[in-house]
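Novice: Let me begin by handing over the structure; questions about it come next.
Residue numbers (the working numbering): 4 to 71.
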């Protein structure tokens, strides 16, 4: 379900600044899915570089680096 419509659920939680939901959703993605989801998140991040997006993106990067 998380992969449907280009990771729409994950990008929406990123755009609407929902850090708890964003972190929870990241826990359910494997390494390959995280890579693809990060590409989608980075598209939005590149358009709007604000503090709130930077914090969420850092959460994403941290999760990606600590995956088993």
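Glycine is no exception: its CB is placed at the ideal position from the N, C-alpha and C atoms.
Every value quoted in this text rests on a predicted model; they were computed, and no experiment measured them.
(1) I'd like the list of long-range same chain contacts for residue 55, defined as Cβ closer than 7 Å, with 5 residues on each side in sequence excluded.
(2) With respect to the alpha helix (DSSP H) encompassing residue 62, which residues constitute its N-terminal and C-terminal limits?
(3) Helix, strand or coil for residue 28? Go by DSSP, reduced to three states.
(4) Which word fits residue 32, buried or exposed, when buried means at least 16 other C-beta atoms lie within 10 angstroms of its C-beta?
(5) How big is the Cα-Cα spacing for residue 62 and residue 18?
Specialist: Straight from the coordinates:
(1) Position 52 of the chain shown, counted from the start, is the residue given in the question as residue 55. Contacts found: 20.
(2) Taking the first residue of the chain shown as 1, we reach residue 62 at position 59. Where residue 62 is concerned, the enclosing alpha helix (DSSP H) stretches over 54–68.
(3) Here residue 28 refers to the residue found at position 25 of the chain shown. It is helical.
(4) One-based indexing of the chain shown puts residue 32 at position 29. The residue in question, residue 32, is buried, as its Cβ has 16 or more Cβ neighbours within 10 Å.
(5) What you label residue 62 is simply residue 59 of the chain shown in a count that begins at 1. What you label residue 18 is simply residue 15 of the chain shown in a count that begins at 1. Their Cα atoms are separated by approximately 14 Å.
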